[in-house]
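One structure below.
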Amino acid sequence: MTKTPLADRIFPAAPACGRVRPAFLLMCLALFCFLPAAAFARPKQVVFIRYRIPPNHFTSVVEEFCAGMTKRGYLDGQNIEYVDVLTRSAEQDSLPDVISAIKKYKNSAAMFITCGWVSMEARRLLAGSDVPQLFVPVLDSVALEMLPSLTRPPDTNLSGLYLMYPPEKILRLARLVIPALRDYAYVYDSRIPADLIFKKACEHLDEPGRHGLALHYLDLAAGVEKVLAELRSRRIGAYGGIIGAFKSRQALRQSNIPVITSFTLDIDQQSIQQYTANDTTVAGLFNPFRYCGAQAAAMTADIFDNKRTIEATVPRPAMQVAFINLKNATRLHLPVSFDALEAVDLVIK
Numbered sequence: 381m382t383k384t385p386l387a388d389r390i391f392p393a394a395p396a397c398g399r400v401r402p403a404f405l406l407m408c409l410a411l412f413c414f415l416p417a418a419a420f421a422r423p424k425q426v427v428f429i430r431y432r433i434p435p436n437h438f439t440s441v442v443e444e445f446c447a448g449m450t451k452r453g454y455l456d457g458q459n460i461e462y463v464d465v466l467t468r469s470a471e472q473d474s475l476p477d478v479i480s481a482i483k484k485y486k487n488s489a490a491m492f493i494t495c496g497w498v499s500m501e502a503r504r505l506l507a508g509s510d511v512p513q514l515f516v517p518v519l520d521s522v523a524l525e526m527l528p529s530l531t532r533p534p535d536t537n538l539s540g541l542y543l544m545y546p547p548e549k550i551l552r553l554a555r556l557v558i559p560a561l562r563d564y565a566y567v568y569d570s571r572i573p574a575d576l577i578f579k580k581a582c583e584h585l586d587e588p589g590r591h592g593l594a595l596h597y598l599d600l601a602a603g604v605e606k607v608l609a610e611l612r613s614r615r616i617g618a619y620g621g622i623i624g625a626f627k628s629r630q631a632l633r634q635s636n637i638p639v640i641t642s643f644t645l646d647i648d649q650q651s652i653q654q655y656t657a658n659d660t661t662v663a664g665l666f667n668p669f670r671y672c673g674a675q676a677a678a679m680t681a682d683i684f685d686n687k688r689t690i691e692a693t694v695p696r697p698a699m700q701v702a703f704i705n706l707k708n709a710t711r712l713h714l715p716v717s718f719d720a721l722e723a724v725d726l727v728i729k
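For the sequence shown, this note's numbering gives the first residue as 381, with consecutive numbering after it.
The structure is reproduced here in structure tokens:
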């Protein structure tokens, strides 16, 4: 079936038997002029840029964002369209994918949603434009590399959701769970940008922020076996890390040293027990990414609805959950005080 052009439907061709009256033409013209602008507007384009990292490559951010936008009246394929760019890896060899996506969609996108450390490269490319960008989510230390403050309006085309994993809080939790602890190791991978940024945050801690602990920095780029050897030789009482340590957790578990750490990956209250089962994780922090996706949708919808500009959109903290895995602590013959159990949001028994 041939689709009749819009102009032919509004202004039909004159019948063979005579001409259309001028009054009729004027009435049709008036109707055409006052049709809602939405009938002709292109859908707003939202571009996600995320990278491949366990357990699900930020999928819950995308799902919850789309669900939130639907609730606000933005229907996929009607008044909004989504482009999902998944880079080749979690490491810096994925930078060409980020650059390519920004260049391809910069002139058509109404919003870029960038997940994790790739937000920094996207920011570099979008800083001179007027295209809004939300980081969803990044470490607070990463966010502060891009913005001067996380508590004030950004006055630029960047905002987003940040994860609160202050090293001070991890060390405070470590001392609470293991009062006799003296040596704590941050296990990182120097090939992963987010690991390096978190390392810098650890190095900048003042004496009170270290809670009397000596900090050791062990680089997985030198090999897991070397890190295991240093954990033993330095008599480390507990260790933690973010991306690199999580990726190598199965190899590191043979150290049998308690892990007190930040989970910067997409883990929620239902799955934290699964991710800490049969290893040496006894305590830590995590932020459910679904919450971040929902918050980003609310921020984006407000911008699209002209309720707030991106320049006036204050970054928001993610929802943080502190936990103790009492089952793992018991297996490691590590007594946990009632005060420690009272201080966390979730106890895994």
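Glycine is no exception: its CB is placed at the ideal position from the N, C-alpha and C atoms.
Item	Value
N- and C-terminal bounds of the alpha helix (DSSP H) containing residue 333	Because residue 333 is not part of the residues shown, which for the chain are 381 to 729, the question remains open.
Buried/exposed call for residue 508, threshold 16 Cβ in 10 Å	exposed
CB-CB length for residue 517 against residue 626, believed under 8 Å	Rounded, the Cβ-Cβ distance is 16 Å, inconsistent with contact.
Under the three-state DSSP convention, the category residue 675 falls into	helix
The alpha helix (DSSP H) enclosing residue 613, as first and last residue numbers	604-613
Residue 617 versus residue 680: straight-line alpha-carbon distance, rounded	44 Å
Whole-angstrom distance between residue 551 and residue 594, CA atom to CA atom	10 Å
Residue 467 versus 450, 456, 498 and 460, residue with shortest Cα-Cα distance	498
Residues that residue 526 bridges to, as DSSP identifies them	Partner(s): none; residue 526 has no beta bridge.
Sequence-distant residues of the same chain with beta carbon closer than 6 Å to residue 452, five excluded per side	681
Supposed close pair residue 544, residue 697 - CB separation, criterion 8 Å	6 Å
Three-way DSSP call (helix, strand, coil) for residue 473 in this model	helix
Spatially closest choice to residue 359 from 572, 554, 686 and 720, by CA coordinates	Since the first residue of the chain shown is 381 and the last is 729, residue 359 is not available in this structure.
Alpha helix (DSSP H) segment containing residue 440, residue limits	439-451
For residue 641, three-class secondary structure by DSSP	strand
Residue 600 versus residue 470: straight-line alpha-carbon distance, rounded	15 Å
Residue range of the alpha helix (DSSP H) that includes residue 665	Unbroken run through residue 665 is the beta strand (DSSP E), 661-666; no alpha helix (DSSP H).
Local Cβ density within 10 Å of residue 478, reported as buried at 16 or more and exposed below that	buried
Alpha-carbon spacing of residue 591 relative to residue 660, whole angstroms	22 Å
Sub-7 Å separation of residue 493 and residue 428 beta-carbons	yes
Simplified DSSP assignment, three categories, for residue 493	strand
Spatial distance of residue 631 from residue 604 (CA atoms)	7 Å
Neighbour-count burial assignment, residue 587, 16 or more Cβ in a 10 Å radius	exposed
As assigned by DSSP and simplified to three states, the class of residue 509	coil
Cβ pair count under 8 Å reaching 3, the stretch 648-662 against the stretch 701-709	yes
Which listed residue (657, 663 and 628) has its alpha carbon closest to that of residue 642	663
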